[in-house]
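A.B. asks:
There are 2 protein chains.
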Amino acid sequence: MDRPDLPLNALRVFEVIMRQGSFTKAAAELRVTQAAVSHQIARLEDSLGVTLFLRSPQGVIPTDEGRLLFPVLEHGFDAIARVLDRLDRRRDIEILSIGVNTTFALGWLMPRLDAFHAAHPEIDLRISTHNNRVEILREGLDMAIRFGIGGWTNHEMIPLLEAPLAPLCAAAMAARLRDPADLQHMPLLRSYRSAEWPGWFGAAQTPCPPIKGAIFDSSLALAELAAAGAGVALLPVVMFDRHISQGQLVQPFATTVFAGRYYLAWRSDRVSTKAMNNFSRWIVAQCRQNQAPTV
Amino acid sequence: MDRPDLPLNALRVFEVIMRQGSFTKAAAELRVTQAAVSHQIARLEDSLGVTLFLRSPQGVIPTDEGRLLFPVLEHGFDAIARVLDRLDRRRDIEILSIGVNTTFALGWLMPRLDAFHAAHPEIDLRISTHNNRVEILREGLDMAIRFGIGGWTNHEMIPLLEAPLAPLCAAAMAARLRDPADLQHMPLLRSYRSAEWPGWFGAAQTPCPPIKGAIFDSSLALAELAAAGAGVALLPVVMFDRHISQGQLVQPFATTVFAGRYYLAWRSDRVSTKAMNNFSRWIVAQCRQNQAPTV
DNA sequence: TCCATCGCATTACCTCAGCTAATGACGAAT
DNA sequence: ATTCGTCATTAGCTGAGGTAATGCGATGGA
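These protein sequence lines are chains G and D, in that order. So that you can map any letter, position 62 of the first sequence is 62 in the working numbering, and since no number is skipped, the others follow by simple counting. For any residue, its number in the working numbering is found by taking its place in the second sequence, counting from 1, and adding 295.
1. Rounded to a whole number of angstroms, what is the C-alpha to C-alpha distance between G:Val232 and G:Trp152?
2. Between the stretch 78 to 110 of chain G and chain D, which residues of the former have a C-beta closer than 8 Å to a C-beta of the latter?
3. Does the beta carbon of G:Ala119 fall short of 6 Å from some heavy atom of the ligand FAD?
4. Taking C-alpha atoms, which residue in G:Phe201, G:Leu73 and G:Phe279 lies nearest to D:Leu436?
5. G:Ala285 to G:His117, Cα distance in whole Å?
6. Return the bridge partner residues of D:Cys503 from the DSSP annotation.
7. Entirely within the stretch 348 to 390 of chain D and at least 4 residues each: give me those alpha helix (DSSP H) ranges in chain order.
8. Quick check: what's the CA-CA separation for G:Asp88 versus G:Phe104?
9. Anything in chain G within Cβ reach of D:His370, meaning under 7 Å, just list it in chain order.
10. Among D:Gly394, D:Ile506 and D:Ala469, which residue has its Cα nearest to the Cα of D:Met571?
11. With a 10 Å radius around its C-beta and 16 neighbouring C-beta atoms as the bar for buried, classify D:Pro462 as buried or exposed.
12. What do you get for D:Val566, buried or exposed, if any count of 16 or more other CB atoms within 10 angstroms of its CB means buried?
13. With distance defined between alpha-carbon atoms, name the residue in G:Trp266, G:Phe77, G:Asp179 and G:Met173 nearest to G:Ala227.
14. Using 7 Å as the limit for Cβ to Cβ distance, is D:Met296 near chain G?
15. Can you name the start and end residues of the beta strand (DSSP E) that D:Ile422 belongs to?
16. With distances taken from CA atoms, which of G:Arg19, G:Lys25 and G:Arg55 is nearest G:Phe70?
17. Report, in whole angstroms, the separation of the C-beta atoms of D:Trp492 and D:Leu529, which I expect to be a contact under 8 Å.
18. Which residues, taken in chain order from the stretch 299 to 310 of chain D, show a beta carbon closer than 8 Å to some beta carbon of chain G?
19. Residues of chain D with a CB under 8 Å from the CB of G:Glu135: which are they?
20. If we define contact as Cβ-Cβ less than 7 Å, is G:Pro159 a contact residue for chain D?
21. Taking just the CA atoms, how far does D:Ala549 sit from D:Arg562?
22. I need the boundaries of the alpha helix (DSSP H) containing G:Val50, first residue and last residue.
23. Kindly list the residues whose CB is nearer than 6 Å to the CB of G:Thr294, restricted to its own chain and excluding five residues on each side of it in sequence; keep chain order.
24. State the Cα-Cα distance for the pair D:Val332 and D:Val355, rounded to the nearest angstrom.
25. Can you tell which of D:Leu460, D:Leu301, D:Pro505 and D:Gly344 has the C-alpha that lies nearest to the C-alpha of D:Phe553?
26. Sort G:Ala265, G:Phe23, G:Phe14 and G:Asn278 by Cα distance to G:Ile149 and report the nearest one.
27. Helix, strand or coil: how does DSSP classify D:His450 here?
28. Are D:Leu347 and D:Gly361 touching if we call contact CB-CB under 7 Å?
29. If I follow the unbroken alpha helix (DSSP H) through D:Ser514, where does it start and stop?
30. Does DSSP classify D:Ala465 as helix, strand or coil?
31. What does D:Gly443 pair with, by DSSP beta-bridge criteria?
32. Since I believe G:Ile123 is in contact with G:Phe279 (beta carbons under 8 Å), could you give me their beta-carbon distance rounded to a whole number of angstroms?
33. Going along chain D in order, which residues have a C-beta closer than 7 Å to the C-beta of G:Glu65?
34. Rounded to the nearest angstrom, what separates D:Pro454 and D:Asn396 at their Cα positions?
35. With the cut-off set at 7 Å, would you say G:Thr33 and G:Ala27 are in Cβ contact?
36. Exposed or buried, what is D:His538 when buried is set at 16 or more other beta-carbons lying within 10 Å of its beta-carbon?
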């Protein structure tokens, strides 16, 4: 791509303002005066020919253009900062950046983070979440955890956990479910993968009703909806142990269907660091134990 | 994320060196002297505590650390440049950034680009390709074309083309195929989606043999392999019209299986620009005609 | 073997992008 | 009215990042 001169410093100022909500606060974060920030934005707006902020006495409000610009910058700078962190050999602690499937991060990894830090205090773990779309190289990550059925070109993969799917719903709704066929008249919440419900009904040897309604690309959104009584969601049960033990979600039927498993993956063209090896060993051992979260 | 002070200008210098292969050429691209480049990299290496380049009389060779840093920077700066382009209201021409599935880009869009430019000379089309993993917001895109079965949270989607899959292979191999059952003893090339071959054998009412071998996440890689005689690939036929009419690939059986379609998508929380509307109208009309590429 | 050539490094110096400091103007809250 | 919290503007300063000139090492053809 043919790049014009990117006003990178001005863009960083812009990004901080968007997070802080005001020129003054951004100036404080950047350790410069408010005037410097005002200058930078004035020049940036001028060079782009676009107004980025509406000024108000309470702070600034981004325009449509500003809102368009922000996510790209935030993501880009984050990725750059992450990869720089990793290169910084002066640190004693090792930094390990992992992109983790959101469901796995909240349902499995988070409750065990304390255990990991206790076992490896020398590793500073940086976790960024994704909904199964992640590119290790571009995002400046060391490794990633994703759900699937394997087969990721140029990546080494270790299977971590089987995660069979089963219907989960609120207790009130579960009380009305005696038989899988009862589900045919319930609202069934759809994930992004449309083959899942038919697969489960197949396993339950019950005809599958047509599935309608909105689609959500996150198991967490589905779990929230199900817990709120909006319907029945097909979810990886092991990731919702806590919800189940706390009564927010109930599994009405034992039948499960295989849809994939969680994998730990990393680029096969990279030399593994000590931190990568240690994390890999730790998480494989933890998954073998397959124990409930310790929280 | 807690960001250290990002030495953004130095990083941009680094990125240019990686592309140009030498300090001197990078200096030319940046329109500064070679000494300035040398300074910037020396300071960057010093502050990171890491050597980024091995110097040689033929130019510079990146170290492992340098190779790690590059893709993140390249991608980040590209995304930033793209979104800035879009904001630049001083231009008369409108810029439209589209992330396009690689197969669709090469198999369908590329042969029709001339027609689009003729119809809309005022739109400057920027295409970046992806293998079906794309985030419109983060990448600074206006729209995206992807393959799937619909259902993308927070996105509007228009179905463009059905793209049923059929086996394709080299002519020499096709000569040995009389009946779908003959495929059971042929090397079957695997895509990332493992359900596809079983789906096709189902449609052909033939038992599906176990599928082995490497997995490729790109239809183009599969097509290359198939054309080279390495095996039979299950591919969206409409995207390989040219290969077929030129005899590089042959479709031995008429049976197809549905695996998804191509969609045009954009964020539902964004106001559509005139360029977005025009492109959308144009591509929908082109797909309706469903004609062979004009090349 | 010698010299021309093509790399990056180093040194000393310069210059302007980007800062500070001080002040002004405006709107909201009380 | 007054006070406070915004951002804007002005004038002037300063050091990050540039230039120019030179050095040094490796390569390769005569």
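For each residue, glycine too, the CB sits at the ideal point set by N, CA and C. Remember, it's a predicted structure, so these values are computed and weren't measured experimentally.
C.D. replies: In short:
1. Here residue 232 of chain G corresponds to residue number 232 of the first sequence, with the count starting at 1. Here residue 152 of chain G corresponds to residue number 152 of the first sequence, with the count starting at 1. In a straight line, the C-alpha of G:Val232 is about 31 Å away from that of G:Trp152.
2. Asp78, Ala79, Ile80, Ala81, Arg82, Val83, Leu84, Asp85, Arg86, Leu87, Asp88, Arg89 and Arg90
3. As for the ligand FAD, it is missing from this structure, which has no ligand bound.
4. One-based indexing of the second sequence puts residue 436 of chain D at position 141. Ranking G:Phe201, G:Leu73 and G:Phe279 by Cα distance to D:Leu436 puts G:Leu73 first.
5. Position 285 of the first sequence, counted from the first residue, corresponds to residue 285 of chain G. Position 117 of the first sequence, counted from the first residue, corresponds to residue 117 of chain G. Approximately 15 Å, taken between the alpha carbons.
6. Within the second sequence, residue 503 of chain D is the residue found at index 208, counting from 1. Bridge partners of D:Cys503: none, in fact.
7. Every unbroken stretch of the alpha helix (DSSP H) spanning 4 or more residues and falling wholly within the stretch 348 to 390 of chain D is given here in chain order: 359 to 382.
8. Translated into positions along the first sequence, residue 88 of chain G becomes position 88. Translated into positions along the first sequence, residue 104 of chain G becomes position 104. The alpha-carbon atoms of G:Asp88 and G:Phe104 are separated by roughly 29 Å.
9. What you label residue 370 of chain D is simply residue 75 of the second sequence in a count that begins at 1. Chain G residues near D:His370: Arg138.
10. Counted from its first residue, the second sequence places residue 571 of chain D at position 276. Cα-wise, what sits closest to D:Met571 is D:Gly394.
11. Here residue 462 of chain D is taken as the residue at index 167 of the second sequence, counted from 1. Buried: at least 16 other Cβ atoms inside 10 Å.
12. Here the question's residue 566 of chain D lines up with position 271 in the second sequence. Exposed, by the Cβ-count rule.
13. Position 227 of the first sequence, counted from the first residue, corresponds to residue 227 of chain G. Checking every option, the nearest Cα to that of G:Ala227 belongs to G:Met173.
14. The residue labelled residue 296 of chain D in the question sits at position 1 within the second sequence. With a pLDDT of 45 at D:Met296, under the threshold of 50, the modelled position of that residue is not reliable, and no figure is offered here.
15. Sequence index remark: in the second sequence, residue 422 of chain D carries index 127 (1-based). First-last of the beta strand (DSSP E) with D:Ile422: Ile418 to His425.
16. Looking up residue 70 of chain G in the first sequence gives position 70. When only C-alpha atoms are compared, the closest one is G:Arg19.
17. As a first step, residue 492 of chain D is located in the second sequence; it is residue number 197 there, counting from the start. As a first step, residue 529 of chain D is located in the second sequence; it is residue number 234 there, counting from the start. Confirmed, about 6 Å.
18. Answer in chain order: Pro299, Leu301, Leu303, Asn304, Leu306 and Arg307.
19. Counting from one through the first sequence, the residue named residue 135 of chain G turns up at place 135. The answer, in chain order, is Arg428.
20. Here residue 159 of chain G corresponds to residue number 159 of the first sequence, with the count starting at 1. Chain D, which has no Cβ nearer than 7 Å to the Cβ of G:Pro159, makes this no.
21. Residue numbering aside, residue 562 of chain D sits at position 267 when the second sequence is read from its first letter. Residue numbering aside, residue 549 of chain D sits at position 254 when the second sequence is read from its first letter. A direct Cα-to-Cα measurement between D:Arg562 and D:Ala549 gives close to 37 Å.
22. Here residue 50 of chain G refers to the residue found at position 50 when the first sequence is read from its first residue. Taken as a continuous stretch (DSSP letters only), G:Val50 belongs to no alpha helix (DSSP H), as it is neither H nor E.
23. Here residue 294 of chain G refers to the residue found at position 294 when the first sequence is read from its first residue. With a pLDDT of only 38 at G:Thr294, under 50, the local geometry of the prediction cannot be trusted, and no value is derived from it.
24. For the purposes of this step, residue 332 of chain D is taken as the residue at position 37 of the second sequence. For the purposes of this step, residue 355 of chain D is taken as the residue at position 60 of the second sequence. Rounded to the nearest angstrom, the two C-alpha atoms are 12 Å apart.
25. The sequence position of residue 553 of chain D within the second sequence is 258, counting from 1. Of the residues D:Leu460, D:Leu301, D:Pro505 and D:Gly344, the one whose Cα lies closest to the Cα of D:Phe553 is D:Leu460.
26. Within the first sequence, residue 149 of chain G is the residue found at index 149, counting from 1. Closest option to G:Ile149, Cα to Cα, is G:Ala265.
27. Sequence index remark: in the second sequence, residue 450 of chain D carries index 155 (1-based). Note: D:His450 maps to strand in three-state DSSP.
28. Working through the second sequence from its first residue, we reach residue 347 of chain D at position 52. Working through the second sequence from its first residue, we reach residue 361 of chain D at position 66. Taking C-beta atoms as the reference points, D:Leu347 and D:Gly361 count as a pair closer than 7 Å.
29. The residue labelled residue 514 of chain D in the question sits at position 219 within the second sequence. Residues Ser514 to Ala522.
30. Residue 465 of chain D sits at position 170 when you count from the first residue of the second sequence. D:Ala465 falls in the coil class under three-state DSSP.
31. Looking up residue 443 of chain D in the second sequence gives position 148. D:Gly443 is bridged to D:Arg556.
32. For the purposes of this step, residue 279 of chain G is taken as residue 279 along the first sequence, with counting starting at 1. For the purposes of this step, residue 123 of chain G is taken as residue 123 along the first sequence, with counting starting at 1. 7 Å between Cβ atoms; contact.
33. Numbered from its first residue, the first sequence carries residue 65 of chain G at position 65. Going along chain D in sequence order, the residues near G:Glu65 (Cβ under 7 Å) are Leu382.
34. Taking the second sequence and counting its residues from 1, one reaches residue 454 of chain D at position 159. Taking the second sequence and counting its residues from 1, one reaches residue 396 of chain D at position 101. Each residue's Cα considered, the two are about 14 Å apart.
35. Indexing the first sequence from 1 puts residue 33 of chain G at position 33. Indexing the first sequence from 1 puts residue 27 of chain G at position 27. Against a cut-off of 7 Å, the Cβ pair of G:Ala27 and G:Thr33 comes out as a contact.
36. As a first step, residue 538 of chain D is located in the second sequence; it is residue number 243 there, counting from the start. That one is buried.
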